[in-house]
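**Student:** So that we are looking at the same thing, I have put the structure below in structure tokens.
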Amino acid sequence: MLGQEKTRTTPVAVSASKQRKLHAIHALLRGRIFVGQFKAQGHTYDVTFAPAEASIAEQKLVLRGRFTVKPPQQSLRSTDQVEARLVATQGGVGVSPVRRQLLTGTAQTAQTATSDQKLEQEGGPETELQPGLHAFDKPKPDALGRPTVESTDALGFVAVLYFHLSPLDGEQLGIPFDVSKVQLGGRLAPTDDRARDLQFLFSDLVMALGSEHPDQETANNCAEQINRILQE
Amino acid sequence: MRSAKRYDALIIGSGASGGMAAKELTARGFEVLVLEAGPPVNPTRDFSSHTWPYQMMYRGFGPPGWKQQEQWMQDTASYYSRHFYVKDSEHPYTTDPGKPFMWVRARIVGGKTLHWGRLSWRLSDLDFKAASHDGFGDDWPISYAEMAPYYDRVEEFIGVSGNNDGLTHVPDGKYMPAMPMTCGENLLRKGSEKTGRPAISSRVAMLTTQPKSFMKGRRKCHYCGHCGDGCDVNAMFSSVASTLPIAAATGRMTLRPNSIVRHIITDSDTGKAKGVAFVDRVTHQELEAYAKVIIVAASTLESTRILLNSKSRDHSQGLGNSSGVLGRYLVDHFGGIGASGFFPVLAGRDPVNEDGKATGIFIPRFRNLDAKTKHPKFLRGYGFECGSATPMFPGIARRAISGFGPEYKKQVRRFYTAPVGMTVRAAMLSRFENYAEIDPDGVVDAWGVPVLKMHIQYSDNEREMAKDAADTSEEILRAAGAEVVSTGGQLTAPGRIIHELGTARMGNDPKTSILNKFNQMHEVKNVFVTDGAAFVSSANHNPTLTILALTVRACDYLADEYKRGNI
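Line by line, the protein sequences are chains A and B. Position 116 of the first sequence, counting from 1, maps to 1169 under the working numbering, and the rest follow consecutively. Position 231 of the second sequence, counting from 1, maps to 232 under the working numbering, and the rest follow consecutively.
Right under this line is the structure:
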């Protein structure tokens, strides 16, 4: 085109092939367990990460627990004491976790009241709620009478926790990739009360440690309550 | 194995800007490679605008809880159109605690044009020269007079319906007939005019008359009302319906879907870009492609992500970013504030088929136009997107009517012919401290490409504007004779309106901008960024028409410079 001759015709170049890396796994928190899968070479690998212990190290949440894989046409394989170190989060927008129950008692009380939670979910993003508000209530303005911002500041919560997992052994787990540096994206989209409680606690812990003035006491309390749920 | 073919131009992205660039450049004889990160689209299989709710599981609402599983699903996507969007899980991004950003992305051939809102407004000099008007921020390096011919070209090509309303801050254009207002919209228009604020038909990229000869494969809108689910008849403008087929017909476009660009490759000897490194979405194969010119049109934040990831010895902060401005001045519009209710005069009337109209009416900006309209507490302004129609699933049944049983049904039947709603679309000030960067903690996507971390918050200016919008929307509804059911609301979280703009802005000064006035990088002359990243400020209007016009203008310039041997 434009009077210039093309001398070569291969459309794209191919780099030398290396062992494929597994970069990231997505999982949803179901109860106390992150449940996910990844696809590779036409196969689906089901994955779970079941944390048994939570702690705080270097101002970051660390979970430790069992990592399990179901390779295609093989039995379950697992490894214990896998460390998931929280490196970053994605803030949630929309339906926020229900905090009311935990503010008035222990996590166990959350299992009783779900009707308001359903109302909140039906309310949807156009009627984004502040914690404790009924679905038909109006959001409260700020001190200057100005509308607040959806899911922001005190209304904020965590939607995804991004963890770096300690190095895994692909051969042991039946995964034919380099799994030495895998990221676990744990999405908090609770459909059960235990996951709702954990979303609330993870959110408060992240907010406590990530704010301009970290609140170690709140973070420690959250970690304690998370451990209580993980060890039930 | 190294490649070989060197294309004249390589375009990253096949959405509004990428598709238009492909059309413009192939028309000028360029041989073009278009890399699209997502899969191909098959309208027969993937579009469902003519699928009835009863043909869908859960009547098209999806199984309980499905919207919570991915961020993007919570608002924009319907169960019909969910496959047009990417999953956050495969395409992560990160935010600061308590400062969320909703990043809605559509990695698929055609991008967000498959389901965009289609509102097509010109910006005026009130927007291009906003800084001169009120002293905040920077002017664009271009004026309305320079843009007007390109708006003309784009409107005539994509087909925009609307009226010439004679408002200088919402410039008129080349329109097909506007879609008629509904009864409720006419009531609202009259009420708004009583308060001194004109209300006009929304201008939308929908064909309301027979298509012109070059609009092959497109049909006049037949008001089925499911535009966001993929338009089966191509009445709405999309890349898939318009630009890409025309580019393909030249025989000079190669479109490669499933191609996720990692970074742009530069040649340290020439200082120019020579190609891109990308990974196949499905096979994970690492690939490269080469071209004389690179057009980055991957959408505002994806484009900036690619540039930030394109670090080299000569570009240690990302491609063309010695100024440190790349990623800065991130804005969105905000919504979420408004009022809704119903017109008693329309309650109980015979039902009419109004749910297929593809748009509503608009109350353009009325604050800070001049000294008389200056607001004491905020700069810039906002407009209202409004509607009054009888939809298939009336929100008023859920939000304003309580109870159950026969009486509830009776009330729903009575009021579903009468709802009215107004929602703000407001400008956000472009501020240096709102930005995107490559996540400093090493978060990557499923292909190992480093992701963005967003840092964005509204200022007092937006909050004051929101307060004013809440009060004003109620005033207008009451003036129109409506019974007001709800007012106020919350500002939408940044990103939710899907008008993310800025981060690689244009300007005359390379120390404070990334691009020149023709969308060309100051520092790398054969790279152009033609999507919303180029915006200097947001105005309060939907940006796509301006993105398309900027793209055409950039391609004109590019082709001329190419011929002269300057690129």
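Yeah, the Cβ is synthetic: ideal placement off N, Cα and C, and Gly gets one too.
1) Against chain B, does LYS1123 of chain A count as a neighbour if the rule is that its beta carbon must be under 8 Å from one of theirs?
2) Applying a beta-carbon distance threshold of less than 7 Å, which residues of chain B neighbour GLN1236 of chain A?
3) Kindly indicate the opening and closing residues of the alpha helix (DSSP H) around ARG415 of chain B.
4) With 16 as the cutoff for other CB atoms within 10 Å, does MET58 of chain B come out buried or exposed?
5) How about VAL161 of chain B and TYR176 of chain B: are their beta carbons less than 8 Å apart?
6) What does ASP1245 of chain A touch in chain B if you count any residue whose Cβ is under 8 Å from its own?
7) Rank B:ALA132, B:SER240, B:GLY63 and B:MET103 by C-alpha distance to the C-alpha of ARG119 of chain B and give the top, closest one.
8) What's the call for TRP53 of chain B, buried or exposed, on a 16-neighbour Cβ count within 10 Å?
9) How about the segment 348-368 of chain B and the segment 185-195 of chain B: do they share at least three Cβ pairs that are nearer than 8 Å?
10) Suppose you measure from the CA of ARG3 of chain B to the CA of ARG108 of chain B; what does that come to, to the nearest Å?
11) Check the Cβ-Cβ distances between THR1317 of chain A and every residue of chain B, and say whether any is below 8 Å.
12) In whole angstroms, give me the CA-to-CA distance for ARG1073 of chain A and GLU1224 of chain A.
13) Just checking my contact of LEU549 of chain B with MET21 of chain B at CB under 8 Å: how many whole Å lie between their CB atoms?
14) Would DSSP call ASP173 of chain B helix, strand or coil?
15) Go through its chain and collect everything with a Cβ distance to SER87 of chain B's Cβ below 6 Å, but skip five positions before and after it.
16) Under 8 Å between the Cβ atoms of LYS273 of chain B and LYS526 of chain B?
17) Measure from the C-beta of GLY1223 of chain A to each C-beta in chain B and report whether the shortest distance is under 8 Å.
18) State the Cα-Cα distance for the pair SER474 of chain B and ALA1242 of chain A, rounded to the nearest angstrom.
19) Is SER162 of chain B helix, strand or coil when you go by DSSP?
20) Can we say the segment 192-204 of chain B touches the segment 396-411 of chain B, given the rule of at least three CB pairs closer than 8 Å?
21) Kindly indicate if chain B contains any beta-carbon less than 8 Å away from that of VAL1135 of chain A.
22) Quick check on ASP89 of chain B: buried or exposed, where buried means 16 or more other Cβ atoms within 10 Å of its Cβ?
23) Quick one: which chain A residues come within Cβ less than 8 Å of GLU465 of chain B?
24) Does any C-beta atom of chain B lie closer than 8 Å to the C-beta of THR1205 of chain A?
25) Less than 8 Å between the CB atoms is what I'm expecting for GLN70 of chain B and LEU1081 of chain A, so what's the real figure, rounded?
26) Under the assumption that GLU186 of chain B contacts VAL553 of chain B (Cβ atoms under 8 Å), give the Cβ distance between them as a whole number of angstroms.
27) Cβ closer than 7 Å: which chain A residues qualify as neighbours of GLN69 of chain B?
28) For TYR409 of chain B and ALA1077 of chain A, I'd like the C-alpha separation in whole angstroms.
29) Cutting at 7 Å between CB atoms, please list the residues of its own chain near VAL452 of chain B, excluding the five before and the five after it.
30) Just to make sure I have the definition right: I need the residues of chain A whose C-beta is within less than 7 Å of the C-beta of HIS285 of chain B. Which are they?
31) Just curious, the alpha helix (DSSP H) that ALA584 of chain B is in, first and last residue?
32) Would SER50 of chain B and CYS232 of chain B qualify as a contact pair, given that the criterion is a beta-carbon distance under 8 Å?
33) At a cut of 8 Å, does the segment 300-307 of chain B reach the segment 346-354 of chain B through at least three beta carbon pairs?
34) Inspect the beta-carbon positions of THR545 of chain B and TYR330 of chain B and report whether they are closer than 8 Å.
35) Taking the beta strand (DSSP E) that VAL346 of chain B belongs to, which residues open and close that run?
36) Could you check what DSSP says for MET1260 of chain A in three-state terms: helix, strand or coil?
**Tutor:** Here's the rundown:
1) One-based indexing of the first sequence puts residue 1123 of chain A at position 70. So, not an interface residue.
2) On the first sequence, residue 1236 of chain A is found 183 positions in, with the first residue counted as 1. Chain B residues near GLN1236 of chain A: VAL444 and VAL445.
3) Counting from 1 along the second sequence, the entry for residue 415 of chain B is found at position 414. First-last of the alpha helix (DSSP H) with ARG415 of chain B: 406-416.
4) Taking the second sequence and counting its residues from 1, the one referred to as residue 58 of chain B is at position 57. Exposed, by the Cβ-count rule.
5) On the second sequence, position 160 is the one that residue 161 of chain B refers to. On the second sequence, position 175 is the one that residue 176 of chain B refers to. Contact: yes.
6) Here residue 1245 of chain A corresponds to residue number 192 of the first sequence, with the count starting at 1. None at all; the shortest Cβ gap to chain B is about 10 Å.
7) Residue 119 of chain B sits at position 118 when you count from the first residue of the second sequence. Between ARG119 of chain B and the set B:ALA132, B:SER240, B:GLY63 and B:MET103, the nearest pair of CA atoms involves B:SER240.
8) The residue you call residue 53 of chain B lines up with position 52 of the second sequence. It is exposed - the Cβ of TRP53 of chain B has fewer than 16 other Cβ atoms within 10 Å.
9) yes
10) For the purposes of this step, residue 3 of chain B is taken as residue 2 along the second sequence, with counting starting at 1. For the purposes of this step, residue 108 of chain B is taken as residue 107 along the second sequence, with counting starting at 1. Since pLDDT at ARG3 of chain B reaches only 49, below the 50 mark, its modelled position is unreliable, and the value read off the structure follows with that caveat. ARG3 of chain B and ARG108 of chain B: Cα-Cα distance of roughly 27 Å.
11) Any answer about residue 1317 of chain A is impossible in this case: the structure gives chain A only from 1054 up to 1285.
12) The residue you call residue 1073 of chain A lines up with position 20 of the first sequence. The residue you call residue 1224 of chain A lines up with position 171 of the first sequence. Computed Cα separation, rounded: 14 Å.
13) Within the second sequence, residue 549 of chain B is the residue found at index 548, counting from 1. Within the second sequence, residue 21 of chain B is the residue found at index 20, counting from 1. Going by Cβ atoms, the distance from LEU549 of chain B to MET21 of chain B rounds to 5 Å, so yes, they are a contact pair.
14) Taking the second sequence and counting its residues from 1, one reaches residue 173 of chain B at position 172. Coil at ASP173 of chain B, not helix or strand.
15) To locate residue 87 of chain B, count along the second sequence from 1; it is residue 86. Residue identity check: residue 87 of chain B is Val in the sequence provided, not Ser. Excluding residues within five positions, the ones whose Cβ falls inside 6 Å are ARG106 and ARG108.
16) The residue labelled residue 273 of chain B in the question sits at position 272 within the second sequence. The residue labelled residue 526 of chain B in the question sits at position 525 within the second sequence. Cβ distance < 8 Å, so LYS273 of chain B and LYS526 of chain B count as in contact.
17) The count along the first sequence starts at 1 and reaches residue 1223 of chain A at position 170. False, the Cβ-Cβ gap to chain B never drops below 8 Å.
18) Along the second sequence, read from residue 1 onward, the residue named residue 474 of chain B stands at position 473. Along the first sequence, read from residue 1 onward, the residue named residue 1242 of chain A stands at position 189. Each residue's Cα considered, the two are about 34 Å apart.
19) Residue mapping note: residue 162 of chain B aligns to position 161 of the second sequence, counting from 1. Of the three classes helix, strand and coil, the one that applies to SER162 of chain B here is strand, per DSSP.
20) no
21) Numbered from 1 along the first sequence, position 82 holds the residue referred to as residue 1135 of chain A. So no, VAL1135 of chain A is outside the interface.
22) For the purposes of this step, residue 89 of chain B is taken as residue 88 along the second sequence, with counting starting at 1. Per the 10 Å Cβ criterion, buried.
23) Here residue 465 of chain B is taken as the residue at index 464 of the second sequence, counted from 1. Per Cβ cutoff of 8 Å: ARG1199.
24) In the first sequence, the residue the question calls residue 1205 of chain A occupies position 152. So, interface residue.
25) What you label residue 70 of chain B is simply residue 69 of the second sequence in a count that begins at 1. What you label residue 1081 of chain A is simply residue 28 of the first sequence in a count that begins at 1. About 6 Å; that satisfies the 8 Å criterion.
26) Counting from 1 along the second sequence, the entry for residue 186 of chain B is found at position 185. Counting from 1 along the second sequence, the entry for residue 553 of chain B is found at position 552. Incorrect: roughly 32 Å between the Cβ atoms, too far for contact.
27) Working through the second sequence from its first residue, we reach residue 69 of chain B at position 68. The answer, in chain order, is VAL1148 and ALA1242.
28) The residue given as residue 409 of chain B occupies position 408 in the second sequence. The residue given as residue 1077 of chain A occupies position 24 in the first sequence. Straight-line Cα distance between these residues: approximately 49 Å.
29) Stepping through the second sequence from its first residue, residue 452 of chain B is reached at position 451. PRO93, TYR94, THR95, ASP440, VAL444, VAL445 and ASP446.
30) Counted from its first residue, the second sequence places residue 285 of chain B at position 284. ARG1073, listed in chain order.
31) The displayed coordinates of chain B run from 2 to 568. Any statement about residue 584 of chain B would go beyond what the structure contains.
32) Position 49 of the second sequence, counted from the start, is the residue given in the question as residue 50 of chain B. Position 231 of the second sequence, counted from the start, is the residue given in the question as residue 232 of chain B. Contact flag set, yes.
33) Contact fails: fewer than three Cβ-Cβ distances are below 8 Å.
34) To locate residue 545 of chain B, count along the second sequence from 1; it is residue 544. To locate residue 330 of chain B, count along the second sequence from 1; it is residue 329. No.
35) If you number the second sequence from 1, residue 346 of chain B lands on position 345. It is not in any beta strand (DSSP E) - VAL346 of chain B carries neither H nor E in the DSSP assignment.
36) To locate residue 1260 of chain A, count along the first sequence from 1; it is residue 207. The DSSP-derived three-state label of MET1260 of chain A is helix.
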